[in-house]
Every structure is written in structure tokens, then in C-alpha cells.
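Q:
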Amino acid sequence: MKRLAILGAGGHGKVVADTAECCSWQVVEFYDDAWPKRQNNGAWPVIGDTTALLASLTRYDGVLVAMGNNRIRQLKLIELQAAGARLFNLIHPASYVSRHACLGIGSVVFAGAVVNADSQIGQGAILNTGCSVDHDCMLGDAVHISPGARLAGGVRVGDLSWIGIGASVRQLVCIGSRVMVGAGAAVVSDVADGLEVVGVPARPHT
């Protein structure tokens, strides 16, 4: 019986758990630092906090971090890696990931997402429902591509950046680290580190 532990019992965690069940994980249990106040996450139990998970790693065939905050997700992933957790990538059967693409450990790919040839995805990435990452894109660690967002070919996205729901990024654009791209934005030129950009075309938010 395949047993999965998920760290982070929020809405994103529910989608991770549901995807895991689609991938034949038979037992899914949550850990969250709001435990014991938080006892369940929808249909799934919350049975402990991070400390409890670190003490229970040998019980599980796989462990994932399901936290929407990019920085916290990255830190928890590093902590679990150091503790020897069995981290892996979770790919929904209704998504498409080219066999010529590369996913960093701890990444999740949800239903309808597409990752095309020679794209490289860093560790702990979220490729959310119905997003697309075209050929030759390079995404850093702990990046989140939101539902319906579109990256054209050759796009670069730095560590910890978030591409908002329905946003589009023109081919060969470079987006820095810790960037926030607003919902529905159209990014047609490079974006420096740490900026928040919104609108069509996307411009720094003031």
C-alpha cells in the first residue's frame, strides 16, 4: 500500500491530495503546523505538524510540500531533503510533460498543464491547472505558474517568482527572481528581480 505524506493542509494541499489519488496513492495523510487545531483538510486527515512528520518519514513511500507561499515551500523542501525524506514529482495523468523536459524534485503538475520539449523546471515548482510552459523555458526553484498562465518558448523565470492566473509571457522574455506577475497580465519585455508587474502590457505596479 502506497502511503503519501503532504506537508501543508490548505486548498493547494487538497489539489495535491486529489492528484495523488489519481496517481494511485492509496493512503494520503496531511501534516500542518496548525495541528492539532486543524484536524482535517477536506476528505483527508491532518495527523501532526512538521516535527511529527520529520519523526515519521520512514512510514511513507513519498513526501510532498503543498504550500502556496513560494519561500516557505522552498524552506520546507530543503528541511525535508536534509532529513532524507522520499521526495518525488507528482504529475497528474491528464497533464502532458515531454519526455525531453526536466522537472526538479518536489514539483507538482496539475490536470491540463503542458510542459514542452527541452524545458527545465527547478525544484518545488507548482505548474497549476491548465497552464502551459512551452519549449526551451527555464524555471528556477519554487516557482508557481498559476492556472491558465501561458509561457511562450524560451522564457526564463527566476527563483521564487509567481506568474498569476491567466497571465501570458512573450517568447524569450526573462523574468527575474521573486517577481509577481498579476492576473491576466501580458509580459512582453524583461522584468527585473523583485518587481510586481500588472496590466496589458505589464508594467511595474505603483
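Quick note: to get the working numbering, add 18 to the position in the sequence shown (first position is 1). Don't be surprised by glycine CBs; every beta carbon is placed ideally from N, CA and C.
How far does the alpha helix (DSSP H) with glycine 29 in it reach, from first residue to last?
A: Segment 29-40, the alpha helix (DSSP H) holding glycine 29.
Q: Have a look at Asp50, Ile96 and Ile183 and flag the residue whose alpha-carbon is nearest the alpha-carbon of proline 165.
A: Of Asp50, Ile96 and Ile183, the residue nearest in Cα terms is Ile183.
Q: DSSP on isoleucine 96, reduced to helix/strand/coil?
A: Isoleucine 96: helix per DSSP, three-state reduction.
Q: Helix or strand or just coil, what does DSSP make of aspartate 70?
A: Before going on, a small fix: residue 70 reads as alanine here, not aspartate. It is helical.
Q: Excluding five sequence neighbours on each side, which residues of the same chain lie with their C-beta closer than 8 Å to the C-beta of proline 63?
A: Closer than 8 Å at Cβ, skipping near neighbours: Glu47, Phe48 and Gln57.
Q: According to the neighbour-count rule (16 or more other Cβ atoms, all chains shown, within 10 Å of its Cβ), is methionine 198 buried or exposed?
A: Buried, because 16 or more other Cβ atoms sit within 10 Å of the Cβ of methionine 198.
Q: In chain order, what residues of the same chain lie with their CB nearer than 7 Å to the CB of alanine 70, ignoring the 5 residues before and after it?
A: Closer than 7 Å at the Cβ level, and outside the excluded window around alanine 70, lie Tyr49.
Q: Helix, strand or coil for asparagine 134? Go by DSSP, reduced to three states.
A: Three-state DSSP puts asparagine 134 in coil, outside helix and strand.
Q: Is isoleucine 193 buried or exposed, if buried means 16 or more other CB atoms sit within 10 Å of its CB?
A: Answer is buried; the Cβ neighbour count reaches 16.
Q: For the beta strand (DSSP E) containing leucine 25, list its first residue and its last residue.
A: Counting along the chain, the beta strand (DSSP E) containing leucine 25 begins and ends at 21-25.
Q: Comparing alpha-carbon positions, which option in Ile181, Arg91 and Asp136 lies nearest alanine 203?
A: The shortest Cα separation from alanine 203 among Ile181, Arg91 and Asp136 belongs to Ile181.
Q: For the beta strand (DSSP E) containing phenylalanine 48, list its first residue and its last residue.
A: Segment 45-49, the beta strand (DSSP E) holding phenylalanine 48.
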